[in-house]
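What follows is a short report on a single structure.
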Amino acid sequence: MEYNYTREFKQPIKIYSIKGYAIPLAPNGIRLEHLVVGGVFLFLTLLIWLLGFIAKVSFIQSLFTNYWLIVIASVGVLVWTLFSLKWDNKNFIDYILGRGSYVLQKKKRYEHELFVPFFHEKVTYQVKKK
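Right under this line is the structure:
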């Protein structure tokens, strides 16, 4: 009988220290998916900041020069909210991956990981007589 590795594969990848120094506010480690999504939001924030100053959009310029603390706090709250909520009883990354695969494979059916052809036929059930 083979060993079931499902439980081991579902364990999140965590980072406990950086170059041997423990992360002070995260004694239980930081999940890698949190770091990736936080980095994506930080990149998008910096991109909006850069485009706002290049295109000279006065609202974005005043938002980042005068209210930078609010921008940082809102990005942090947004990332925290995404990961604290349960989406269809899944975490955020699994939910997004599931929705993406559903949208891309809307007209395809699989059973036991094998493709089942879709024949545009109505399924009818009949009671068999003994």
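Everything in the sequence shown is counted per our numbering, starting at -10 for the first residue and increasing by one.
Glycine residues also receive a C-beta, built at the ideal position from the N, C-alpha and C atoms.
Let's test the definition: count the other Cβ atoms within 10 Å of the Cβ of residue i and tell me whether it reaches 16, buried, or not, exposed.
{"i": "His23", "result": "buried"}
{"i": "Val68", "result": "buried"}
Comparing C-alpha positions only, which one of the options sits nearest to residue i?
{"i": "Val26", "options": "Ile82, Lys118, Lys117", "result": "Ile82"}
{"i": "Phe72", "options": "Gln115, Tyr(-8), Ser47, Arg20", "result": "Arg20"}
{"i": "Thr70", "options": "Ile7, Tyr91, Phe30", "result": "Phe30"}
Since residue i and residue j are thought to touch, with beta carbons under 8 Å apart, how far apart are those beta carbons, to the nearest angstrom?
{"i": "Leu52", "j": "Val64", "result": "Not confirmed; about 13 Å, so no contact."}
{"i": "Val105", "j": "Tyr99", "result": "6 Å"}
{"i": "Lys79", "j": "Gly87", "result": "7 Å"}
Name the DSSP beta bridge partners of residue i, please?
{"i": "Ala11", "result": "Ser6"}
Discussion item. Could you check whether the segment 86 to 99 touches the segment 33 to 45, counting it as contact only if at least three pairs of C-beta atoms, one from each stretch, sit closer than 8 Å?
Written reply: Counting Cβ pairs under 8 Å, fewer than three are found: no touch.
Worksheet entry | Three-pair Cβ contact test at 8 Å for the segment -8 to 3 versus the segment 12 to 20 | With a cut-off of 8 Å, the segment 12 to 20 and the segment -8 to 3 count as touching, because enough Cβ pairs lie within range.
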